[in-house]
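Peer 1:
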Amino acid sequence: MTAAMPIGYALVRGLVRFLLGIFYRRIEVIGAERVPRDGPLILAANHHNSIVDAMLLLSVIPRRLRTLANAPLFRHPLIGPFLRLVGALPVHRRQEAGDDPARNA
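Using the numbering used here, the first residue of the sequence shown is number 4, and each one after it goes up by one.
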């Protein structure tokens with residue numbers, strides 16, 4: 004764990020790795036050496052409706068990630084606390100937040 008990885012993030016990361024180990028026999032990472040250790044980086048999860056992609060990225064990328072999540076997920080009693088611990092940022096969709104783009108600023 005580095006100074007840039009808070010204890011809450013490290014705990015969630017460990018839990019995610021444990022859970023993924025139960026559900027997936029093998030996770031193969033190709034091209035991890037191309038991920039810069041610091042500086043800007045955008046990773047786009049393939050499936051927009053699956054939290055598993057974000058969990059996989061969180062578990063295999065060696066640096067701290069900041070993820071975006073649909074704002075209502077933060078109110079979910081199981082998912083919300085984990086999103087806050089990893090520092091996820093809520094995204095307010097137009098149908099949920101109206102026409103105020105400042106909610107995502």
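Ideal placement from N, C-alpha and C gives every residue a C-beta, glycine not left out.
Along the chain, where does the beta strand (DSSP E) that runs through Val94 open and close?
Peer 2: What you label residue 94 is simply residue 91 of the sequence shown in a count that begins at 1. It spans 92–94 - the beta strand (DSSP E) in which Val94 sits, taken as one unbroken run.
Peer 1: Measure the alpha-carbon distance for Met4 versus Tyr12 and round it to whole angstroms.
Peer 2: The residue given as residue 4 occupies position 1 in the sequence shown. The residue given as residue 12 occupies position 9 in the sequence shown. Bear in mind that the predicted position of Met4 carries a pLDDT of just 46, short of 50, making it unreliable; the figure below should be weighed with that in mind. Going by the C-alpha atoms only, they are around 10 Å apart.
Peer 1: Is the Cβ-Cβ distance between Val94 and Ala72 less than 8 Å?
Peer 2: By one-based count along the sequence shown, residue 94 stands at place 91. By one-based count along the sequence shown, residue 72 stands at place 69. It is a contact, given that the beta carbons lie within the stated cut-off.
Peer 1: Excluding five sequence neighbours on each side, which residues of the same chain lie with their C-beta closer than 7 Å to the C-beta of Val19?
Peer 2: Against the sequence shown, residue 19 aligns to sequence position 16. Correct list, in chain order: Met58, Leu61, Ser62.
Peer 1: Give the straight-line distance between the Cα atoms of Pro9 and Ala48, rounded to the nearest whole angstrom.
Peer 2: Mapped onto the sequence shown, residue 9 falls at position 6. Mapped onto the sequence shown, residue 48 falls at position 45. Going from the Cα of Pro9 to the Cα of Ala48 covers about 23 Å.
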